[in-house]
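Residue numbers for the sequence shown follow my numbering, so the first one is 215 and each next one is one higher. Below: the structure, in structure tokens.
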Amino acid sequence: MTLARRLLAGSLVVVTAMVAAVVLIAGGRLRNRLVEEKRDELARVGRVVSAEWQAGTDPEALAQRAGDALGYRVTLIDSTGVVVGDAEFGPEARRRLENHYSRPEVVGAREHGVGVSLRHSASAGDDELYVAQKHPLGYVRVSLTTGSLDEIVRGAQRDVLASGLLALVGALALAFLFARSISQPVVELRDVARAIAAGDLARRPALSAPGEVGDLATALHRMAEQLATRLDALEADDQLMTAVLESLEEGVLAVDERGMVIRINQRARTLLGVQAPLPFVRELLPREHTLREAIEQASVGTSMPPSEIAMHDRTIAVASRPLRTGGGVVTVLDLTVLRRLETIRRDFVANVSHELKTPLTAVSGYAETLLDDGIPSEQRQRFVETIRDNATRMQRIVDDLLDLSRIESGGWRPNVSTVEVSGIVTDVFTALQSAASAKGLTLAATVTPDATRVRVDPTAFRQIVTNLVENAVRYTREGGVTLRTRAADGGVWVEVSDTGIGISAEHLPRIFERFYRVDAGRSRAEGGTGLGLAIVRHLAEAHGGRVEATSVVGRGTTVGVWLPAA
Ligand code: ADP
Numbered sequence: 215m216t217l218a219r220r221l222l223a224g225s226l227v228v229v230t231a232m233v234a235a236v237v238l239i240a241g242g243r244l245r246n247r248l249v250e251e252k253r254d255e256l257a258r259v260g261r262v263v264s265a266e267w268q269a270g271t272d273p274e275a276l277a278q279r280a281g282d283a284l285g286y287r288v289t290l291i292d293s294t295g296v297v298v299g300d301a302e303f304g305p306e307a308r309r310r311l312e313n314h315y316s317r318p319e320v321v322g323a324r325e326h327g328v329g330v331s332l333r334h335s336a337s338a339g340d341d342e343l344y345v346a347q348k349h350p351l352g353y354v355r356v357s358l359t360t361g362s363l364d365e366i367v368r369g370a371q372r373d374v375l376a377s378g379l380l381a382l383v384g385a386l387a388l389a390f391l392f393a394r395s396i397s398q399p400v401v402e403l404r405d406v407a408r409a410i411a412a413g414d415l416a417r418r419p420a421l422s423a424p425g426e427v428g429d430l431a432t433a434l435h436r437m438a439e440q441l442a443t444r445l446d447a448l449e450a451d452d453q454l455m456t457a458v459l460e461s462l463e464e465g466v467l468a469v470d471e472r473g474m475v476i477r478i479n480q481r482a483r484t485l486l487g488v489q490a491p492l493p494f495v496r497e498l499l500p501r502e503h504t505l506r507e508a509i510e511q512a513s514v515g516t517s518m519p520p521s522e523i524a525m526h527d528r529t530i531a532v533a534s535r536p537l538r539t540g541g542g543v544v545t546v547l548d549l550t551v552l553r554r555l556e557t558i559r560r561d562f563v564a565n566v567s568h569e570l571k572t573p574l575t576a577v578s579g580y581a582e583t584l585l586d587d588g589i590p591s592e593q594r595q596r597f598v599e600t601i602r603d604n605a606t607r608m609q610r611i612v613d614d615l616l617d618l619s620r621i622e623s624g625g626w627r628p629n630v631s632t633v634e635v636s637g638i639v640t641d642v643f644t645a646l647q648s649a650a651s652a653k654g655l656t657l658a659a660t661v662t663p664d665a666t667r668v669r670v671d672p673t674a675f676r677q678i679v680t681n682l683v684e685n686a687v688r689y690t691r692e693g694g695v696t697l698r699t700r701a702a703d704g705g706v707w708v709e710v711s712d713t714g715i716g717i718s719a720e721h722l723p724r725i726f727e728r729f730y731r732v733d734a735g736r737s738r739a740e741g742g743t744g745l746g747l748a749i750v751r752h753l754a755e756a757h758g759g760r761v762e763a764t765s766v767v768g769r770g771t772t773v774g775v776w777l778p779a780a
């Protein structure tokens, strides 16, 4: 039941009970009071009549006269109880009246001087109040019908009832207004509180309600404000935490005591390949033994030192640490690149050692032989030349390595200027002409009019062209080498084509790697170091350019470099 209805019902009950009580209690009391007053009056009247009743007076006439004058029924009774005069009965009727000697009021008068009785009168036909007094000649009794008294009481009760009804209507109206003024704001407060509990923190109660309800509204208002402020702060904290987690290079996931994953950053999602929304059960993570172990340790709050696992073609370090709040954190770090670099470094060292080992062995071997005095001078001359050739080869390797490391380490910056392609090409062709002629190869250049100049470091550009033409001459037995330029993508492609041995498709993508050679013996025999194209690629990239190679085995190869135009 609503508050308003309870208030209305309550006031209905209270007012009704009050009216009923007033009607019943006050009605009874009023009647008693009236009876008491009438009894006293009847006693007084009795005394007056007593004074009139003398020996010799006609009791019949006295009773009639006094009754008429005083408006009450006056009855004169002799000492034996016979009615000798009565205001309402004539001599005829009186004689039929029974003896009054043992009537209660007469008995009372005989014993105490005055007797009172309230009872139904057989002769009068209704309730009568009798007051009898003792008299030397008998008893004087004055009586009255109580009907008139009851009429007064009923009238008073009707009045009380009427005003009670009026009061009831008034009370109900008041209760209704009061209930409305209380319950409306209370209902509003209830709705606002429900909305806030459901998460609508923008809802606020109106502060206009009077009294305690108003205080309650103010308190609710403040509570909502506080709640909103705290939630904002919590949200900001959470966002900061997420931002920090997302900025980590490490993948991080938190598990609680039940083994549920309650936080995970994008890095960990990518590495472990999970997209399930949080929170999710750990069974959704990959079934890798060490990873499972780490999650298990984290959820029971113990730490596990990092250990490496292989997953989805990647090398990943997994570790776990406990959290003070229960559960723990599992970290996953991608070591793939690091391990690959380590491999590259190891291979590189092995390659360099291998490259230097052959010429060094030759140098030391021939030097050893030269120590022998018995060697003819002509042979001695050949040995010395071999030593010089091997030293030159080592020199070239070391030079190329130094160039590469300088470019790769980022310490070298191209000193860019506008360079005429044809000028550099002419220089390079002149330098390599003898090597080409020795193999019967022609060198030709076609510089297109819209691709004549590039923005490059001139020394670097000279090296690029040299390396490409050198390779073309090196791997071609007959035919020729052609250099072409063409404009594309706001730059210039410088392409060197030959009619040589070509490169098969499986090797083609790797020829720009350091020390990668299709045929190591042939390369060495031709004076190659395996570093030429790696240097070309690095130089091109240092200018924001790129390299590309196409080839048909037995037909020839084209290696191109894209460089920015002037
Ligand atoms: P190298 O000093 O051995 O020539 P590069 O880095 O210049 O080293 O080239 C790597 C490898 O690519 C060579 O060993 C060779 O096998 C292949 N190569 C490069 N240019 C050509 C070409 N024009 N024709 C055929 N093969 C080539």
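Virtual Cβ for every residue (Gly too), placed ideally from N, Cα, C.
{"Check": "Pick from A416, F392 and K252: whose alpha carbon is nearest that of S357?", "Outcome": "K252"}
{"Check": "In this structure, what does DSSP give as the bridge partners for H503?", "Outcome": "Paired residue(s): none; H503 is not in a bridge."}
{"Check": "At 3 residues or longer, and completely inside the stretch 268-342: list those beta strand (DSSP E) runs for me, N to C.", "Outcome": "287-292, 297-300 and 328-334"}
{"Check": "Helix or strand or just coil, what does DSSP make of L646?", "Outcome": "helix"}
{"Check": "Compute the beta-carbon to beta-carbon distance between V750 and V761, rounded to the nearest angstrom, for a pair I have assumed lies under 8 Å.", "Outcome": "6 Å"}
{"Check": "Could you name the residues of the same chain whose beta carbon sits closer than 6 Å to that of G378, not counting the 5 residues immediately before and after it, in chain order?", "Outcome": "V233"}
{"Check": "Tell me whether the beta-carbon of G768 lies closer than 8 Å to the beta-carbon of I717.", "Outcome": "no"}
{"Check": "When DSSP labels each residue in this structure, what does V356 get in the three-state scheme?", "Outcome": "strand"}
{"Check": "Indicate the three-state DSSP secondary structure (helix, strand or coil) for S521 in the structure shown.", "Outcome": "strand"}
{"Check": "Considering S395, what are the terminal residues of the alpha helix (DSSP H) in which it resides?", "Outcome": "G361 to A411"}
{"Check": "Measuring only the C-alpha atoms, how far is G735 from T713?", "Outcome": "21 Å"}
{"Check": "What would DSSP say about P723, mapped onto helix, strand or coil?", "Outcome": "helix"}
{"Check": "Between T402 and L248, what straight-line distance do the alpha-carbon atoms span, to the nearest angstrom?", "Outcome": "It should be noted that the sequence gives Glu, not Thr, for residue 402. Distance between the alpha carbons of E402 and L248 is about 57 Å."}
{"Check": "Do the stretch 574-583 and the stretch 699-712 make contact, defined as three or more Cβ pairs closer than 8 Å?", "Outcome": "no"}
{"Check": "Alpha carbon to alpha carbon, how far is W776 from L190? Give it in angstroms, no decimals.", "Outcome": "Here the chain comprises residues numbered 215 to 780, so residue 190 is not present and cannot be evaluated."}
{"Check": "Whole angstroms are fine: how far does the CA of I396 sit from the CA of T443?", "Outcome": "30 Å"}
{"Check": "In the DSSP assignment, find the alpha helix (DSSP H) that holds T572 and state where it starts and stops.", "Outcome": "T550 to L584"}
{"Check": "When you compare only the Cα positions, how much space is there between E556 and D548?", "Outcome": "14 Å"}
{"Check": "According to DSSP, simplified to helix, strand and coil, what is G744?", "Outcome": "coil"}
{"Check": "Helix, strand or coil: which one does DSSP assign to G637?", "Outcome": "helix"}
{"Check": "Buried or exposed: which applies to T360, given that a residue is buried once 16 or more other Cβ atoms fall within 10 Å of its Cβ?", "Outcome": "buried"}
{"Check": "One question on the structure: do R553 and G542 come within less than 8 Å of each other, judged by their Cβ atoms?", "Outcome": "no"}
{"Check": "Tell me where the beta strand (DSSP E) around I478 begins and ends.", "Outcome": "M474 to I478"}
{"Check": "Just the Cα atoms here: how many angstroms apart are S225 and A381?", "Outcome": "11 Å"}
{"Check": "So is N629 buried or exposed if we call it buried at 16+ other beta carbons inside 10 Å?", "Outcome": "exposed"}
{"Check": "Just to confirm the assignment, what range does the beta strand (DSSP E) spanning A701 have?", "Outcome": "G694 to A702"}
{"Check": "Whole angstroms is fine: what's the gap from W267's alpha carbon to L332's?", "Outcome": "25 Å"}
{"Check": "What does a CB cutoff of less than 7 Å around G487 pick up in its chain, not counting 5 residues either side in sequence?", "Outcome": "P500 and H526"}
{"Check": "I'd like to know whether the C-beta atoms of L745 and D614 end up nearer to each other than 8 Å.", "Outcome": "yes"}
{"Check": "Cβ of Y344 within 8 Å of Cβ of E312?", "Outcome": "no"}
{"Check": "Rounding to the nearest angstrom, what Cα-Cα distance links V469 and Q489 in this structure?", "Outcome": "16 Å"}
{"Check": "DSSP state of L415, grouped into three classes?", "Outcome": "coil"}
{"Check": "Considering only heavy atoms of ligand 1, does any lie closer than 7 Å to the CB of V773?", "Outcome": "yes"}
{"Check": "What do you reckon, is the C-beta of T743 under 7 Å from a heavy atom of ligand 1?", "Outcome": "yes"}
{"Check": "For the beta strand (DSSP E) containing E762, list its first residue and its last residue.", "Outcome": "R760 to V766"}
{"Check": "Using the Cβ count rule (16 or more neighbours within 10 Å means buried), how would you classify R607?", "Outcome": "buried"}
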